[in-house]
Amino acid sequence: MKYLGLEISKLRAELGMSQNELAKNICTQSTISRIEAGEVYPAIDTLLKIALKLQVPIEYFIEMLFHKNVLESETLIKNIESHIKEHNYKKVISIINKNEIAKENIWLNFYLEYMLHIAQYSLKIISPDACISNLKKILNYSNQTTIQFRFLHIKINNSIANVYGENGESEKCLYHYNKILKEHMHKNYNDHKIFETLITVLFNKCKILYELQDYEAALETANQGIQKSKESSFFFLVGQFLYYKGQCLEKTNAAFVEIKEVYKQALFFFEFLELPFYIRAIKQNKKQYLD
C-alpha cells in the first residue's frame with residue numbers, strides 16, 4: 001500500500017493534478033488522500049479509473065502491489081539515464097548486469113533490456129542490424145499497454161530510427177521519425193513529458209533532412225521544433241533547432257541580417273542553458289555572424 005500510494009502521488013504531481021482533480025468522477029478527495037498515504041487499498045475499479053486518469057496501464061499498479069522496490073527502481077532508472085547522457089556505456093552495462101531488483105517487474109525488465117541493447121550497440125558489441133532486431137522484439141511484446149508505459153514504445157522507435165540514420169539508411173530513418181510524429185504529435189497528452197520525447201524526435205528529423213540536403217523541409221521542421229518547445233516549456237533543444245535553422249537559411253541564401261539574428265538567438269540559449277560544447281562550436285563556426 002505504501003509504495004502504491006507513493007507512486008500514485010508522484011504521477012499525479014507530475015501531471016500537475018490536485019487530489020480533488022484526480023478524485024473527480026472516481027471517489028472522494030479524502031479517499032485519494034488515504035490511498036496516497038498508504039492507509040487503504042483502492043478497489044480494482046477505482047484503481048482502473050485512477051490508472052486511466054494518470055495515463056498508465058493498470059498492470060503497472062497491479063504489479064506494484066506485489067513489488068517493494070518502486071523507489072529503488074526509480075533510482076536505478078535515473079542512474080542509467082545520467083550515464084547514457086555522458087556516453088558512459090560500459091557503466092550502463094555494468095549497472096544492468098548487476099541489477100537485482102527488476103526480476104519481477106515486467107516493464108522495468110523491458111526498459112533495462114532496451115538500455116542494454118543501446119549501450120552494446122554504442123560500444124560496437126552488437127551490430128546495427130542486431131540492435132534493431134532486438135529492439136523490434138521488445139516492441140512486438142503481446143501486452144502493448146506495458147510497452148506504452150512512460151512512452152517506452154516511442155523511445156524505442158526513435159532509437160531504431162537513430163540506428164538506421166547512423167548507418168546510412170536515411171530513408172528508413174526518416175520513415176520511422178515521420179511515423180512517430182504522425183501518430184503522436186497531434187494528440188493532446190496531459191503528461192507534458194511526452195513532448196520532450198517528441199521534440200527530440202523532431203530534432204533528429206531536422207538533422208537527417210539537413211544531411212539529405214532537403215533544406216526547405218529541414219527549415220520547416222526546425223521552426224516546428226522551436227514552436228513546440230515554447231508551447232511545452234521544454235527549452236533544452238531550442239538552441240540546436242536555431243543552429244540548424246541558421247544553417248538552412250545559409251543554404252537557401254536568406255538575408256545576412258536574418259541569419260545573424262537566428263545565430264544570436266541560438267547563442268543566447270546555449271549560454272542560458274550553460275552548454276559549453278555548443279557555445280564553442282557556434283563561436284568558432286559562425287563567428288562572422290556574431291561580430
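For reference, each letter of the sequence shown is one residue, going 1 to 291 in the numbering used here.
Even glycine gets a Cβ: it sits at the ideal position worked out from N, Cα and C.
### Task
Taking only the alpha-carbon atoms, compute the straight-line gap between lysine 78 and glutamate 258 and give it to the nearest angstrom.
When the Cα atoms are used, lysine 78 and glutamate 258 turn out to be separated by approximately 40 angstroms.
### Task
Check the C-beta distance from leucine 237 over to glycine 225 and give it rounded, since I have them as a contact under 8 angstroms.
About 7 angstroms separates the beta carbon of leucine 237 from that of glycine 225, a gap short enough to meet the 8 angstroms contact definition.
### Task
Within 10 angstroms of the Cβ of threonine 221, are there 16 or more other Cβ atoms? Answer buried if so, exposed if not.
Burial of threonine 221 is indicated by the presence of at least 16 other C-beta atoms within 10 angstroms of its C-beta.
### Unbroken alpha helix (DSSP H) run spanning glutamine 29, endpoints
Start and end: 29-36.
#### Entry: leucine 48 versus arginine 34: straight-line alpha-carbon distance, rounded
If I take the Cα positions, the gap works out to 17 angstroms.
### Message
Buried or exposed, going by whether 16 or more other CB atoms sit within 10 Å of the CB of alanine 161?
### Response
Residue environment: alanine 161 is assigned as buried (16 or more neighbouring CB atoms within 10 Å of its CB, all protein chains considered).
### Query
Do the region 163-178 and the region 138-151 touch if we need at least three Cβ pairs shorter than 8 angstroms?
No: the two stretches stay apart, fewer than three of their Cβ pairs being nearer than 8 angstroms.
### Task
Could you give the DSSP three-state label for glutamine 148: helix, strand or coil?
In the displayed model, glutamine 148 falls within a helix according to three-state DSSP.
### Query
Is the Cβ-Cβ distance between asparagine 99 and leucine 76 less than 8 angstroms?
Yes, the Cβ-Cβ distance between asparagine 99 and leucine 76 is below 8 angstroms.
### Query
Is leucine 209 helix, strand or coil by DSSP?
It is helical.
### Message
Contact criterion: CB-CB distance below 8 angstroms. Does serine 233 meet it with respect to chain C?
### Response
The chain labelled as chain C is not found in the depicted structure, where only one protein chain is given.
### Message
Mapping the DSSP letters down to three states, classify valine 238 as helix, strand or coil.
### Response
Reduced to three states, the DSSP call for valine 238 is helix.
### Message
Quick check: the Cα distance between asparagine 109 and tyrosine 121, rounded to an integer number of angstroms?
### Response
Taking the straight line joining both Cα atoms gives about 18 angstroms.
#### Entry: histidine 186 classed as buried or exposed, judged by whether at least 16 other C-beta atoms fall within 10 angstroms
Histidine 186 should be labelled exposed.
### Message
Please report the straight-line C-alpha distance between isoleucine 279 and asparagine 158, rounded to a whole angstrom.
### Response
Each residue's Cα considered, the two are about 27 angstroms apart.
### Query
If we call anything under 8 angstroms between Cβ atoms a contact, is leucine 198 one with histidine 184?
Contact: yes.
### Task
Please go through the same chain and pick out, in chain order, the residues whose beta-carbon is closer than 8 angstroms to the beta-carbon of leucine 273, but skip the five residues on each side of it.
Taken in chain order, the residues that qualify are Phe235, Phe236 and Gly239.
### Message
Using a Cβ-Cβ cutoff of less than 8 angstroms, which residues in the same chain neighbour lysine 155 once the five nearest sequence positions on both sides are dropped?
### Response
Closer than 8 angstroms at the Cβ level, and outside the excluded window around lysine 155, lie Tyr114 and Thr197.
#### Entry: glycine 225 (DSSP reduced to helix, strand or coil)
Shown here, glycine 225 sits in a helix according to DSSP, grouped into three states.
### Task
Kindly indicate the opening and closing residues of the alpha helix (DSSP H) around glutamate 21.
From DSSP, the alpha helix (DSSP H) with glutamate 21 extends over 19-23.
### Query
Can alanine 37 and threonine 31 be called in contact, C-beta distance under 8 angstroms?
It is not a contact, given that the beta carbons lie outside the stated cut-off.
### Cβ pair isoleucine 26, threonine 46 closer than 8 angstroms
Yes, the pair counts as a contact, with Cβ atoms nearer than the cut-off.
### Query
Shortest alpha-carbon distance to leucine 112 belongs to which of Lys91, Pro276, Ile80 and Lys137?
Taking leucine 112 as reference, the option from Lys91, Pro276, Ile80 and Lys137 with the minimal CA-CA separation is Ile80.
### Message
Excluding the 5 residues flanking lysine 205 on each side, which residues of the same chain have their C-beta closer than 8 angstroms to its C-beta?
### Response
Once the five neighbours on either side are set aside, the close Cβ partners of lysine 205 are Leu174, Tyr177, Asn178, Leu181 and Thr221.
### Rounded straight-line distance, which links the Cα of isoleucine 58 to that of glutamate 39
Those two C-alpha atoms are separated by around 20 angstroms.
### Message
Buried or exposed, going by whether 16 or more other CB atoms sit within 10 Å of the CB of leucine 290?
### Response
With fewer than 16 Cβ atoms within 10 Å of its Cβ, leucine 290 is classed as exposed.
### Query
Using DSSP with H/G/I as helix, E/B as strand and the rest coil, what is leucine 123?
Coil.
#### Entry: Best match in Phe268, Phe269, Glu261 and Leu116 for proximity to glutamine 288 [C-alpha to C-alpha]
For glutamine 288, the nearest C-alpha among the options comes from Glu261.
### Message
Let me make sure I understand the geometry here. Which of Ser233, Tyr263, Glu231 and Lys251 has the alpha-carbon closest to that of phenylalanine 241?
### Response
When each option's Cα is compared against that of phenylalanine 241, the closest is Tyr263.
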